[in-house]
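Have a look at the structure below before the remarks.
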């Protein structure tokens with residue numbers, strides 16, 4: 787009887803523990819572009835009085851049906867010192883595990899807005915979120931466009947509270963193939 791019960795538990799537990807795989811939005815965005823497609827962003831951050839500027843270039847270096855490969859190059863200027871980070875390559879899987887809810891959902895507002903970026907006017911879907919945790923409030927806004935590899939056109943984030951910070955990221959170059 788015990789062996790039968792253990793066998794049943796062994797069969798049921800993997801099904802109970804398995805997370806659902808869902809379509810990966812990043813894969814969906816990159817997969818419709820050809821190898822060599824590229825986006826470049828300028829990122830400016832300030833936290834605790836320290837300013838950081840960086841340029842991030844993301845290129846579709848390998849296109850497959852399962853996992854497009856992205857190459858990322860980053861140059862940073864921190865406190866007046868320029869650093870070039872080693873190039874990184876990562877695969878973007880077609881499916882990802884769906885994250886389980888972690889309690890309260892942030893306040894969210896969606897809209898549409900035209901944005902000037904990379905010498906073009908891009909029609910973007912916007913999402914603004916506001917979260918509060920541990921006495922800190924973070925307001926973030928993203929601008930997404932289907933005509934841009936990876937989708938991101940612009941992003942801004944401000945945190946207020948015991949630690950204040952701001953981050954701005956915007957598209958400066960675009961080569962969609």
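Residue numbers (my numbering): 787 to 963.
Built from N, CA and C at the ideal position, the CB exists for glycine as well.
Buried versus exposed call for residue i [16 or more other C-beta atoms within 10 Å across all chains shown]
i            : result
residue 892  : exposed
residue 903  : buried
residue 815  : buried
residue 1034 : The question about residue 1034 has no answer here: the residues shown for the chain are numbered 787 through 963.
residue 948  : exposed
residue 833  : exposed
residue 845  : buried
residue 820  : exposed
residue 936  : buried
Distance, residue j Cα to residue i Cα
i            : j           : result
residue 801  : residue 899 : For residue 801, the predicted structure reports a pLDDT of 44, less than 50, and the residue's modelled location is therefore unreliable. A value from the coordinates is still provided. So the alpha carbons of these two residues sit roughly 43 Å apart.
residue 857  : residue 864 : 23 Å
residue 811  : residue 867 : 35 Å
residue 930  : residue 938 : 5 Å
residue 808  : residue 851 : 16 Å
residue 872  : residue 842 : 12 Å
residue 822  : residue 847 : 6 Å
residue 946  : residue 924 : 6 Å
residue 958  : residue 826 : 6 Å
residue 1006 : residue 933 : What the structure shows of the chain is the stretch from 787 to 963, and residue 1006 is not part of that stretch, so it cannot be assessed.
residue 963  : residue 818 : 9 Å
residue 914  : residue 829 : 19 Å
residue 943  : residue 953 : 5 Å
residue 896  : residue 883 : 24 Å
residue 908  : residue 835 : 33 Å
residue 824  : residue 928 : 19 Å
residue 906  : residue 926 : 23 Å
residue 901  : residue 916 : 22 Å
residue 838  : residue 879 : 31 Å
Which residues DSSP lists as bridging residue i, in chain order
i           : result
residue 897 : 912
residue 949 : The partner list for residue 949 (beta bridge, DSSP) is empty, contrary to what the question assumes.
residue 902 : 907
residue 943 : 926, 953
residue 919 : 922
residue 807 : 883
residue 961 : 824
8 Å contact criterion, which residue i and residue j should meet: CB distance rounded
i           : j           : result
residue 853 : residue 877 : 4 Å
residue 840 : residue 870 : With a Cβ gap of about 10 Å, residue 840 and residue 870 do not count as contacting.
residue 940 : residue 922 : With 8 Å as the limit, residue 940 and residue 922 do not qualify as a contact, their Cβ atoms being about 23 Å apart.
residue 831 : residue 951 : 7 Å
Any alpha helix (DSSP H) of 4 or more consecutive residues that is wholly inside the region 822 to 888: none
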